[in-house]
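Student:
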Amino acid sequence: MSCNLLLALVLIVSAGIPTSTQAQQNESEPTGTISLNPGSDSDVLIAGRISSIFNQIPHFEALQVNVDSGVVSLTGQVANESQAQRALKLAGRVEGTIAVDDRIVRTLGLQDNLNPLWDSLQNTLHGWVRALPLLLVALSVFVIVAFTGHRLASHNQLWSRLTENPFLAELAGHAVRLTTLLLGLLLALNILGATALMGTLLGGAGVLGLAISFAVKDSMENYISSIMLSIRQPFRAQEHVAINEYEGVVVRLTSRSTVLMTLDGNHLRIPNSTVFRAVILNYSRNPQRRFDFVLGVDAADDPAQAIQTGLTALQGLDWILAYPEPQGIIDSVGDSNILIKFLAWIDQRESDYGKARSLSIRAAKNALESQGFTLPEPIYRLRFDQSPVTPATMEAPKPPAKASRTETGTVTASPASAPPADDILDVRPDTNISRQVREERSDTAVKDLLDDTRPIE
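In this note's numbering, the protein residues as written are 5 to 461.
(1) Buried or exposed: where does Ala-348 fall if 16 or more other Cβ atoms within 10 Å of its Cβ makes it buried?
(2) Excluding the 5 residues preceding and the 5 following Asp-447 in the sequence, name in chain order all residues of the same chain whose CB lies nearer than 7 Å to its CB.
(3) I need the DSSP call for Gln-440, collapsed to helix, strand or coil.
(4) Let me check understanding here. Comparing Cα to Cα, which of Gln-312, Gln-81, Asp-47, Asp-322 lies closest to Lys-369?
(5) Starting from Asp-447, trace the beta strand (DSSP E) in both directions and tell me its first and last residue.
(6) Tell whether a beta-carbon distance below 8 Å holds between Phe-280 and Ile-365.
(7) Leaving out five residues on either side along the sequence, give the residues of the same chain with a beta carbon under 6 Å from the beta carbon of Arg-236.
(8) Note down, in chain order, each residue of its chain lying with its Cβ closer than 8 Å to the Cβ of Val-141, except the 5 sequence neighbours on either side.
(9) Going by the CB atoms, is the gap between Phe-239 and Val-254 shorter than 8 Å?
(10) From the DSSP output, in three-state form, read off Asn-286 for me.
(11) What does the Cβ neighbour count give for Asn-229, buried or exposed, with the cut at 16 atoms within 10 Å?
(12) Using CA coordinates, which residue listed in Ser-261, Gly-197, Arg-256, Thr-204 is at the minimum distance from Asp-222?
(13) So is Val-71 buried or exposed if we call it buried at 16+ other beta carbons inside 10 Å?
(14) Does the pairing of the stretch 52-65 with the stretch 92-102 give three or more beta-carbon distances under 8 Å?
(15) Have a look at the DSSP bridge pairing and note the partners of Pro-275.
(16) Determine the extent of the beta strand (DSSP E) in which Asp-106 is found, giving its start and end residues.
(17) Taking all protein chains shown into account, decide if Asp-105 is buried (16 or more other Cβ within 10 angstroms of its Cβ) or exposed.
(18) For Glu-251, which of Thr-79, Leu-315, Gly-269, Thr-378 has the nearest alpha-carbon?
(19) Quick check on Phe-297: does DSSP put it in helix, strand or coil?
(20) CB Thr-101 to CB Gly-74, shorter than 8 Å?
(21) Could you give the C-beta distance for Leu-299 and Leu-429, rounded to a whole number, given that I count them as a contact under 8 Å?
(22) Quick check on Val-220: does DSSP put it in helix, strand or coil?
(23) Which same chain residues, not among the five before or five after Ser-374, have their C-beta less than 7 Å away from its C-beta?
(24) If I measure Cβ to Cβ from Val-98 and keep anything under 7 Å in the same chain, skipping five residues before and after, which residues do I get?
(25) Counting pairs of beta carbons, one from the stretch 176-186 and one from the stretch 148-155, are three or more of them closer than 8 Å?
(26) Please confirm whether Ala-192 and Val-133 have their CB atoms less than 8 Å apart.
(27) Run the CB neighbour count on Asn-341, radius 10 Å, all protein chains shown included, and call it buried at 16 or more, exposed below.
(28) State the DSSP-derived secondary structure class of Tyr-327, mapped to helix, strand or coil.
(29) Mind checking if Thr-313 is an interface residue toward chain B, Cβ cutoff 8 Å exclusive?
(30) Do Val-245 and Leu-185 count as a contact pair if the criterion is CB distance below 8 Å?
(31) Alpha carbons only, please: which of Pro-330, Lys-345, Pro-328 is nearest the one belonging to Ser-336?
(32) Have a look at Gln-331 and Leu-267 and give me their C-alpha separation to the nearest angstrom.
(33) My output table needs one value for Leu-343: the three-state DSSP class, helix, strand or coil.
(34) Please report the straight-line C-alpha distance between Val-450 and Val-283, rounded to a whole angstrom.
Now the structure itself:
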């Protein structure tokens, strides 16, 4: 009983193991309807057609074709799996083939696999040698066109005649150089008969350019802003401007940034994309500039009289313009004083803004005090508790400083009453920053896109 059971197990296991012949046989079954009446004539026709096809293909001449009832059996040797699969596909494509039985042996020989590769390399090399004269002609055309475009783009005088803007002239030169390069490449590919490759290259270049444009979006924006600023000319060199929160004197406009010299003498570079979108305040475009200041008088004083006194003092100053004439208004009324706002105009070409405002405040203050107006100090109300004030804690106020007497008996005036120096009363414009800007512009060879001969915005 045990022997019969062991024999049954051996039969079951052996039935599941494929034989070597079955492993090597790989049937390729074409799709389609199988005929009910296969004939020997059709088998002969199928075998003859497949054999004639194999005789025309290298490495397939040694394959034998047998057809029985539409089933094609291929035997013989090929070099590798790729050739075997190709033979099976060709046999399956013949009309009337029901299935293809793969009995082809893959030799995988070194010589059989390397010889086709060597033959392919030799054919490619021979093709390049035959095409060498045509390649030289195409290369010569490309070099001639590209060199001509380069020489034309480098002709700065020509582009300077077309446009006075040096930045646009340089941009036109680059455009001509790029256009001639593309033209030379197109002519060379036409000579080689590879115009389809040109379309592929242009399509790839377009996709690459789109990707690069997203990657360098900020740089492209700054470059375009430089072009627009060079055309619009929003300011001149040596002008005092405020660009957003940045203030200084304009040094130059380059292809990447606007260079300012701050009032502290520092260099400030602002990207042109920021300048193009910024709010620009130009202090130098209009030479006339207004300043204002506020002085307070006692609440008991007449503000109209105070305004008249201050305006009279301002009108007597040399640097204050007669037209537009100075003005005075009541700005606000405080708890202990009345604030009066004075406004006056100066010519910045002859007077410094800060100095003129400072000395105007001094003149108005002195005039008000000389006419008996009081400029009150801040007053604070103090509330004490119910405890009595001890006299010992009270201190007498210190007497005001008096003029000192020297050993010879002469009286020396206090510093507050000494006459001011002449340079303190000088309101002429400070030319220090302008001088530094001129030196900076003359000491460098960087191109300035600001042109005094072109109209400004």
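Note that the Cβ used here is the ideal one computed from N, Cα and C, for glycine as well. For clarity, every value in this text was computed on a predicted model and none was experimentally measured.
Tutor: Concretely, from the data shown:
(1) When all chains shown are included, Ala-348 counts as buried.
(2) There are no such residues.
(3) Helix at Gln-440.
(4) Among Gln-312, Gln-81, Asp-47, Asp-322, the Cα nearest to that of Lys-369 is on Gln-312.
(5) Careful: Asp-447 lies outside any beta strand (DSSP E) and carries neither H nor E.
(6) Phe-280 places its beta carbon 8 Å or farther from that of Ile-365.
(7) Once the five neighbours on either side are set aside, the close Cβ partners of Arg-236 are Glu-461.
(8) If the five residues before and after Val-141 are omitted, its C-beta is found closer than 8 Å to the C-beta atoms of Ile-195, all from its own chain and listed in chain order.
(9) Contact flag set, yes.
(10) Looking at Asn-286 - three-state DSSP - the assignment turns out to be strand.
(11) Note on identity: in this sequence residue 229 is Ser, with Asn being the wrong assignment. With a threshold of 16 other beta carbon atoms within 10 Å, Ser-229 meets it and is buried.
(12) When C-alpha distances from Asp-222 are compared across Ser-261, Gly-197, Arg-256, Thr-204, the shortest belongs to Ser-261.
(13) Here Val-71 is buried, its C-beta having at least 16 other C-beta atoms within 10 Å.
(14) Here the stretch 52-65 lies against the stretch 92-102, with 3 or more beta-carbon pairs under 8 Å apart.
(15) DSSP output for Pro-275 lists Ser-261 as bridge partner(s).
(16) Annotation: the continuous beta strand (DSSP E) that includes Asp-106 extends over 103-110.
(17) Residue environment: Asp-105 is assigned as buried (16 or more neighbouring CB atoms within 10 Å of its CB, all protein chains considered).
(18) Nearest Cα to Glu-251 within the set Thr-79, Leu-315, Gly-269, Thr-378: Gly-269.
(19) Note: Phe-297 maps to strand in three-state DSSP.
(20) The answer is yes: Cβ separation under 8 Å.
(21) Contact check for Leu-299 and Leu-429: beta-carbon distance about 20 Å, past the 8 Å limit, so the pair fails to qualify.
(22) In the structure shown, Val-220 sits in coil (DSSP, three-state: anything other than H, G, I, E or B).
(23) Excluding residues within five positions, none has a Cβ falling inside 7 Å.
(24) For Val-98, where only same-chain residues beyond five positions count, the Cβ hits under 7 Å are Ile-50, Arg-53, Ile-54.
(25) With a cut-off of 8 Å on Cβ pairs, the stretch 176-186 is in contact with the stretch 148-155, counting three or more such pairs.
(26) In this structure, Val-133 does not lie closer than 8 Å to Ala-192 by Cβ.
(27) Classified as buried, Asn-341 has 16 or more neighbouring CB atoms from the shown chains inside 10 Å of its CB.
(28) It is coil, neither helix nor strand.
(29) The structure shown contains no chain B; it is built from a single protein chain.
(30) Judged by beta-carbon spacing, Val-245 lies beyond the 8 Å limit of Leu-185, meaning their Cβ atoms are not closer than that value.
(31) Each of Pro-330, Lys-345, Pro-328 was checked against the Cα of Ser-336, and the nearest Cα belongs to Lys-345.
(32) For Gln-331 and Leu-267, the gap between their C-alpha atoms comes out near 29 Å.
(33) Looking at Leu-343 - three-state DSSP - the assignment turns out to be strand.
(34) C-alpha separation (whole angstroms): 26 Å.
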